[in-house]
Amino acid sequence: MITVKELTKRYARTVAVDHISFAVQKGQIVGFLGPNGAGKTTTMRMLTCFLPPTAGAATVAGFDVLEQPLEVKKRIGYLPESPPLYPEMETAEYLAFVGRLKGISGSDLNKRVDLVCERCAIADVKTKLLGRLSKGYRQRVGLAQAIIHNPDVLILDEPTAGLDPKQINETRELIRGLAGDHTIILSTHILPEVEQTCEQVIIINKGKLVATDSVHNLQNRARGAETILVELAGRNGDLDRSVAQSRLERISGVSRVQFKSAHGNRNVFEVESQKGFVRGDLARAVVESGWDLNELRPAAMSLEEVFLQLTGTDAGDAVEKGEK
Amino acid sequence: MRNIWIICRKELRSYFVSPIAYLLLTMFAVVFGFFFWNALGIFILMGMEMQMRGQMYPMNLNEEVIRPLLSNASVIGLFFIPMITMRLFAEEKRSGTIELLATSPIRDLEIIIGKWLAAVMLSACMLLFTAVNFAFLFKYGNPDWKPLAIGYLGLLLQAGGLLAIGTFISTLTKNQIIAGAATFGVCLLLWVLEWVGSYETATWAKVLAYMSVVTHFETFAKGVLDIKDAVFYLSVIFLGLFFTARSMESLRWRS
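Have a look at this one:
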């Protein structure tokens, strides 16, 4: 549905997007992941024909963004980072205006407005001024205007930014509900969001593509090596570090144990395991040795770890992997 | 065509749901009404003086009242133009709604013409209000309506040209105040440019004086439809909208 080849956006001094290539299949939800300033918004703006690319090409539903922008725009619903609302308009009126802009007319228009209002749960604010709506409603009206013309492709730029936890959940629910009919690209810098809503992840950092893979694969990559932080304390106030370390190393599945720090009697070790859950064995070993187990927690959460790995110093390796 | 109307309707609506339109209409009507009242006062005084002196020199409403008033209206208009155009693009850029327009299946030119047309319609409304004053002249006097109609056409053409320039300036900034102030400066300059012609006869002075919008209004105020002057206004409109289109395009490459 969307193919991007060597897409590049260069500004006077900086390269915002640097030779990015990826493809999105019909009906997929793809998470566009990266830290702030990674080039997510710029890429999305190029896909929506708001910004022309400096080099490279992108096609949406078979139409080139530079050659046939009008055809592309007809097939795209776009929610920019801050919803593009006119504060002096009422909700239903605004949606009708956007609908007309997108080429809907006549009796279809009212039907579509009613439909998206219901879908985005904004039917109760239909006659309210947009300027008076709360952040959550504004975001949902933004989403409603993106789907008003039932586009093939939905591009959502940080759809949950600035919402409270309840609203975030509702919005994610809504986006998941939209999948199937629409191909969705959503950008975010929040990892759990990708885990919860997306099937495919595209990770970019500093304008470069770092990885594209399915969420499932990335999670597996992360699970392969789990890092656990263990805090121990000796019963009588003293604990032999080397004894403790060798005891931890003997637990089956543990590949490496490293001493991290000590605060008085409390010693923190980093335990790396190769396969799955060693936490039970770990806890048992500690208690059986007569030490106190103060804390036991994963050093990083699944995708987050991969993400940091990929966008961090190991980014070079990851690019190769991603391109394969 | 349909898209132009969609944009135009939206702009007109936002003029009329906010106090902008009503404020402009009221202020223009009040200021013009005051001018009208004065012009009429002078006309009546002159008439009485003539009668007292026993002169029966024919007095002409068109020449003595309508013509100077139309010229006044053209100058008052200069002050109101910036307030109409300043928000057109600056506001959309500030609030980010320009992104909605630019990613909708609609051409830049349709957006620009739609917005400009809304501004022209609002100023046409403002001019329409002044017609109330002239209606009194027709009720109690017997002026010729054709020169008046041509004068109005001139006012509308002049407004169209200046509005196109204002629309262009509005694309250059996110700040309405800056857009308004810059447009006001340009309007003012286009008015006073004609002064050069009164003391200097070199070619450059003639060119400058020619560029003044007020010079070209003179013939319209007289009630003469001169194609040359109509073409001047039309080319200002064209140029203003052309620059707006270029500016919108460069917006995409720069932003």
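If you read the protein sequences in the order shown, they are chains A and B. So the first sequence is numbered by my numbering: it starts at 3 and just counts up by one. So the second sequence is numbered by my numbering: it starts at 3 and just counts up by one. The C-beta atom is built at its ideal place from N, Cα and C for all residues, glycine as well. As the structure is a prediction and not an experimental result, all values here were calculated from the model.
Proximal chain B residues relative to residue i, where beta-carbon distance stays under 8 Å
| i | result |
| --- | --- |
| Gly-105 (chain A) | Pro-107 |
| Ile-78 (chain A) | Thr-105 |
| Phe-261 (chain A) | The premise fails here: Phe-261 (chain A) is roughly 52 Å from chain B at the closest Cβ pair, so nothing lies under 8 Å. |
Span separating the alpha-carbon of residue i from that of residue j
| i | j | result |
| --- | --- | --- |
| Glu-124 (chain B) | Ala-23 (chain B) | One detail in the question is off: residue 124 (chain B) reads as Leu in this sequence, not Glu. Cα to Cα, the separation comes out at about 7 Å. |
| Val-238 (chain B) | Val-26 (chain A) | 48 Å |
| Ile-167 (chain B) | Pro-107 (chain B) | 26 Å |
| Met-303 (chain A) | Arg-281 (chain A) | In this prediction, Met-303 (chain A) scores a pLDDT of 49, lower than 50, which makes its location untrustworthy; the coordinate-derived value is nonetheless stated afterwards. One C-alpha to the other measures close to 15 Å. |
| Cys-127 (chain B) | Ile-83 (chain B) | 13 Å |
| Val-122 (chain B) | Gly-162 (chain B) | 6 Å |
| Asn-64 (chain B) | Leu-210 (chain B) | 30 Å |
| Arg-4 (chain B) | Thr-190 (chain A) | 37 Å |
| Ala-40 (chain A) | Thr-162 (chain A) | 18 Å |
| Glu-160 (chain A) | Leu-145 (chain A) | 11 Å |
| Cys-119 (chain A) | Arg-109 (chain B) | 28 Å |
| Leu-195 (chain B) | Gly-116 (chain B) | 30 Å |
| Pro-55 (chain A) | Phe-18 (chain B) | 39 Å |
| Cys-10 (chain B) | Pro-153 (chain A) | 25 Å |
| Thr-203 (chain B) | Phe-140 (chain B) | 41 Å |
| His-125 (chain A) | Ser-109 (chain A) | Before going further, note that residue 125 (chain A) is Ala rather than His in the sequence given. Their Cα atoms are separated by approximately 18 Å. |
| Leu-90 (chain B) | Thr-43 (chain A) | 25 Å |
| Phe-99 (chain A) | Thr-205 (chain B) | 51 Å |
| Ala-183 (chain B) | Cys-189 (chain B) | 10 Å |
| Leu-176 (chain A) | Leu-188 (chain A) | 13 Å |
| Gly-266 (chain A) | Asp-242 (chain A) | 13 Å |
| Val-62 (chain A) | Ile-192 (chain A) | 26 Å |
| Ile-229 (chain B) | Arg-114 (chain A) | 49 Å |
N-terminal and C-terminal residue of the alpha helix (DSSP H) that residue i is part of
| i | result |
| --- | --- |
| Ala-59 (chain A) | Where Ala-59 (chain A) is concerned, there is no enclosing alpha helix (DSSP H), although the beta strand (DSSP E) it sits in stretches over 57-62. |
| Asp-386 (chain A) | Nothing about residue 386 (chain A) can be reported from this structure: the residues present for chain A run from 3 to 326 only. |
| Leu-26 (chain B) | 21-55 |
| Leu-119 (chain B) | 110-142 |
| Asp-159 (chain A) | Not the alpha helix (DSSP H): Asp-159 (chain A) falls in the beta strand (DSSP E), residues 155-159. |
Range of the contiguous beta strand (DSSP E) that encloses residue i
| i | result |
| --- | --- |
| Phe-271 (chain A) | 268-275 |
| Ser-263 (chain A) | 256-265 |
| Phe-52 (chain A) | That residue, Phe-52 (chain A), is in no beta strand (DSSP E); it is neither H nor E in DSSP. |
| His-21 (chain A) | 17-26 |
| Glu-297 (chain A) | 294-300 |
| Ser-189 (chain A) | 185-190 |
| Arg-12 (chain A) | 4-12 |
| Gly-33 (chain A) | 31-35 |
| Phe-213 (chain A) | Checking the displayed sequence, the identity of residue 213 (chain A) turns out to be Ala instead of Phe. Counting along the chain, the beta strand (DSSP E) containing Ala-213 (chain A) begins and ends at 210-216. |
| Leu-111 (chain A) | First-last for Leu-111 (chain A): 109-121, but that is the alpha helix (DSSP H), not the beta strand (DSSP E). |
| Asn-38 (chain A) | Per DSSP, Asn-38 (chain A) belongs to no beta strand (DSSP E) and is neither H nor E. |
Best match in the options for proximity to residue i [C-alpha to C-alpha]
| i | options | result |
| --- | --- | --- |
| Ile-68 (chain B) | B:Thr-87, B:Leu-157, B:Gly-187 and B:Pro-84 | B:Leu-157 |
| Pro-21 (chain B) | B:Cys-10, B:Glu-112, B:Gln-53 and B:Ile-86 | B:Ile-86 |
| Lys-262 (chain A) | A:Ser-254, A:Ser-244 and A:Ile-253 | A:Ser-244 |
| Phe-222 (chain B) | B:Lys-176, B:Ile-46, B:Leu-174 and B:Lys-148 | B:Lys-148 |
| Ala-57 (chain A) | A:Leu-68, A:Gly-64 and A:Gly-101 | A:Leu-68 |
| Pro-145 (chain B) | B:Asn-62, B:Tyr-154 and B:Thr-205 | B:Asn-62 |
| Arg-248 (chain B) | B:Val-233, B:Thr-173 and B:Asp-228 | B:Thr-173 |
| Leu-158 (chain A) | A:Lys-210, A:Val-118, A:Ile-186 and A:Asn-152 | A:Ile-186 |
| Asn-269 (chain A) | A:Val-32, A:Val-127 and A:Trp-293 | A:Trp-293 |
| Ala-31 (chain B) | B:Lys-12, B:Ile-179 and B:Gly-79 | B:Gly-79 |
| Ala-148 (chain A) | A:Lys-104, A:Thr-16, A:Val-32 and A:Arg-15 | A:Lys-104 |
| Leu-250 (chain A) | A:Gly-266, A:Arg-286, A:Gln-202 and A:Leu-131 | A:Arg-286 |
| Ile-253 (chain A) | A:Glu-233, A:Leu-241, A:Val-288 and A:Arg-237 | A:Val-288 |
| Ala-120 (chain B) | B:Met-52, B:Gly-153, B:Met-88 and B:Phe-131 | B:Met-88 |
| Arg-142 (chain A) | A:Leu-193, A:Tyr-80, A:Ile-106 and A:Ile-192 | A:Tyr-80 |
| Ala-75 (chain B) | B:Leu-47, B:Thr-169 and B:Val-216 | B:Val-216 |
| Val-74 (chain A) | B:Glu-13, B:Ala-104 and B:Ile-46 | B:Ala-104 |
Chain-ordered neighbours of residue i on chain B, where CB pairs are closer than 7 Å
| i | result |
| --- | --- |
| Lys-75 (chain A) | Thr-105, Ser-106 and Pro-107 |
| Glu-90 (chain A) | Ser-16, Val-19 and Ser-20 |
| Leu-72 (chain A) | Pro-107 |
Contacts that residue i makes with chain A (C-beta to C-beta distance below 9 Å)
| i | result |
| --- | --- |
| Arg-89 (chain B) | In chain order: nothing, as chain A lies at least about 11 Å away. |
| Ile-8 (chain B) | Phe-99, Arg-102 and Leu-103 |
| Lys-95 (chain B) | By Cβ distance, chain A contributes nothing, its closest Cβ being about 11 Å from Lys-95 (chain B), past 9 Å. |
Interface partners of residue i on chain A, CB under 7 Å
| i | result |
| --- | --- |
| Glu-101 (chain B) | Phe-52, Pro-82 and Pro-86 |
| Lys-12 (chain B) | Phe-99 |
| Gly-98 (chain B) | Pro-82, Ser-84 and Pro-86 |
Under 8 Å by beta carbon: chain A residues contacting residue i
| i | result |
| --- | --- |
| Val-134 (chain B) | Simply none; closest approach about 29 Å. |
| Arg-69 (chain B) | Those within 8 Å of Arg-69 (chain B) in chain A number zero; the least Cβ separation is about 40 Å. |
| Arg-254 (chain B) | Phe-52, Leu-53 and Pro-54 |
### Query
When the Cβ atoms of the segment 76-92 of chain A are set against those of the segment 89-107 of chain B, are three or more pairs found closer than 8 Å?
yes
### Task
Could you tell me whether the segment 34-48 of chain A touches the segment 10-19 of chain A, where touching means 3 or more Cβ pairs closer than 8 Å?
yes
### Query
Is it a yes or a no for the segment 123-138 of chain A touching the segment 180-196 of chain A, going by three-plus beta-carbon pairs under 8 Å?
The answer is no - the segment 180-196 of chain A does not touch the segment 123-138 of chain A, with fewer than three Cβ pairs under 8 Å.
### Message
With a threshold of 8 Å, are at least 3 pairs of Cβ atoms found where one atom belongs to the segment 129-136 of chain B and the other to the segment 30-38 of chain B?
### Response
yes
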